[in-house]
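Protein chains in written order, with this note's numbering: chain A, 17 to 135; chain B, 17 to 135.
Beta carbons are placed, not taken as given, at the ideal position from N, Cα and C, and that holds for glycine.
None of the values given here were measured: they were computed from a predicted structure.
Data block below; observations after.
2 protein chains.
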Amino acid sequence: MNHHSNVVCLCPLDGIIETIGKKWTMLLVNEIGNHGSLRYNNLLEELKGISPSTLASMLKELQKEGIISREAFNEIPPRVEYTLTKRGKELRIAIIPLLKWATKKGNFKMHCNCSLLKK
Amino acid sequence: MNHHSNVVCLCPLDGIIETIGKKWTMLLVNEIGNHGSLRYNNLLEELKGISPSTLASMLKELQKEGIISREAFNEIPPRVEYTLTKRGKELRIAIIPLLKWATKKGNFKMHCNCSLLKK
DNA sequence: CGGTATCCCTTCGGATACTG
DNA sequence: CAGTATCCGAAGGGATACCG
């Protein structure tokens, strides 16, 4: 029997799904991805509604997962920049099918300007 | 400037990400998808560890999202079967890139038998 | 500027017992 | 068999004040 042909298992997702599913994760990945790099206070403004403590803990978690990287510059005033790692950029690509799937919900009206979803 | 060319927005994910990110969602979708259809008590066994109340609430949420459908048969003893909708099947396909992404984590060892991830 | 510390509320989800 | 009802602990995440 070849009923394995379209059997999917989810073990690769173990652990990481808990990170990805969190309220701010994809928004954060996306915001950084769209800008190239961002600073802590930029993110605090752009992600309207996130609290400083939540942002700080998310940034740490995403670093731990190898999705973003943090670079601190020795300046006054201090400057810290967050960027996507290679793996983080790949994540951003990997969710596009999911975005397209979500877009196809009957009542969804596109009000964004995302070339990757246009067709 | 054409910096929009690879700008991604996540508005399609509004709402649905909270469902997808929940602990049991993808496991449930997958389990039903792999079997074709399953009954409440089957799911209770297969998804080792899920509690009856959690399962019930997840099943309702996934129905509301149009991902699974419920069919009740008028028999004694009662029989109820859950299957994926067309949209649910599409979801299952849409997350494969995410699975492949997760698989590429340096330390991940494949111990499943999923033909869709084999190459 | 880039965070911590503290407090607090809500939601998630497990355990168990019960029901139509 | 297919769920509900009740109770509960743990985790997510917001508000605010403060720190190096």
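8 Å CB neighbourhood of residue i in its chain, flanking five on each side removed
i: B/VAL45; result: LEU78, ILE83, ILE84, LEU100, GLY104, LEU107, ARG108
i: A/MET17; result: Bear in mind that a pLDDT of 41 at A/MET17, under 50, signals an unreliable position, so the number given afterwards is only what the model happens to contain. The answer is none, since no qualifying residue turns up.
Given residue i as reference, the closest of the options once Cα atoms are compared
i: A/ALA72; options: A/LEU132, A/ASN50, A/TRP40; result: A/TRP40
i: B/LEU29; options: A/GLU97, A/LEU114, A/ARG55, A/ILE33; result: A/LEU114
i: B/LEU75; options: B/PRO93, B/LEU26, B/MET42, B/PRO94; result: B/MET42
i: B/ILE32; options: B/ASN90, B/ARG95, B/LYS80; result: B/LYS80
i: A/TYR98; options: A/LEU132, A/ILE66, A/GLU87; result: A/GLU87
i: A/ASN129; options: A/ILE36, A/GLY37, A/ASN50; result: A/ASN50
i: B/GLU94; options: B/MET126, B/LEU133, B/SER67, B/TYR56; result: In the sequence on display, residue 94 of chain B carries Pro and not Glu. Out of B/MET126, B/LEU133, B/SER67, B/TYR56, B/TYR56 has the C-alpha closest to the C-alpha of B/PRO94.
i: A/THR70; options: A/LEU133, A/VAL96, A/LYS38; result: A/LYS38
i: B/VAL11; options: A/ILE36, A/GLY52, A/THR35; result: Within the shown structure, residues of chain B are numbered from 17 to 135, placing residue 11 of chain B beyond reach of any answer.
i: B/LYS102; options: A/SER67, A/SER131, A/LEU26, A/LYS120; result: A/LYS120
Proximal residues to residue i (C-beta, below 7 Å), its chain only, five neighbours per side dropped
i: A/ILE48; result: LEU54, ILE84, TYR98, THR99, LEU100
i: B/HIS127; result: none
i: A/SER131; result: none
i: B/GLU34; result: none
Close beta carbons around residue i, own chain, < 6 Å, minus the five adjacent residues each side
i: A/GLU110; result: The amino acid at residue 110 of chain A is misidentified as Glu; the sequence shows Ala. Around A/ALA110: no qualifying Cβ.
Taking contact to mean at least 3 C-beta pairs separated by less than 8 Å, is the segment 45-60 of chain A in contact with the segment 45-64 of chain B?
Not touching, per the Cβ criterion.
Secondary structure, beta strand (DSSP E): runs of 3+ residues fully inside the segment 42-100 of chain B
Under the rule that a run must span 3 or more residues, the beta strand (DSSP E) segments found entirely inside the segment 42-100 of chain B read 84-89, 95-100.
Selection of the segment 33-66 of chain A by Cβ proximity to chain B, strictly under 8 Å
Taking 8 Å as the upper bound on Cβ-Cβ separation, chain B lies near residues ILE33, GLU34, ILE36, GLY37, LYS38, LYS39, MET42, LEU43, ASN46, GLY49, ASN50 of the segment 33-66 of chain A.
Interfacial residues, the segment 74-106 of chain A to chain B, with Cβ spacing under 7 Å:
Those residues of the segment 74-106 of chain A placed with their C-beta closer than 7 Å to a C-beta in chain B are GLU106, ordered along the chain.
Beta carbons nearer than 8 Å to chain A: which residues of the segment 107-123 of chain B have them?
Residues passing the 8 Å Cβ filter: LEU107, ARG108, ILE109, ALA110, ILE111, ILE112, PRO113, LEU114, LEU115, LYS116, TRP117, ALA118, THR119, LYS120, LYS121.
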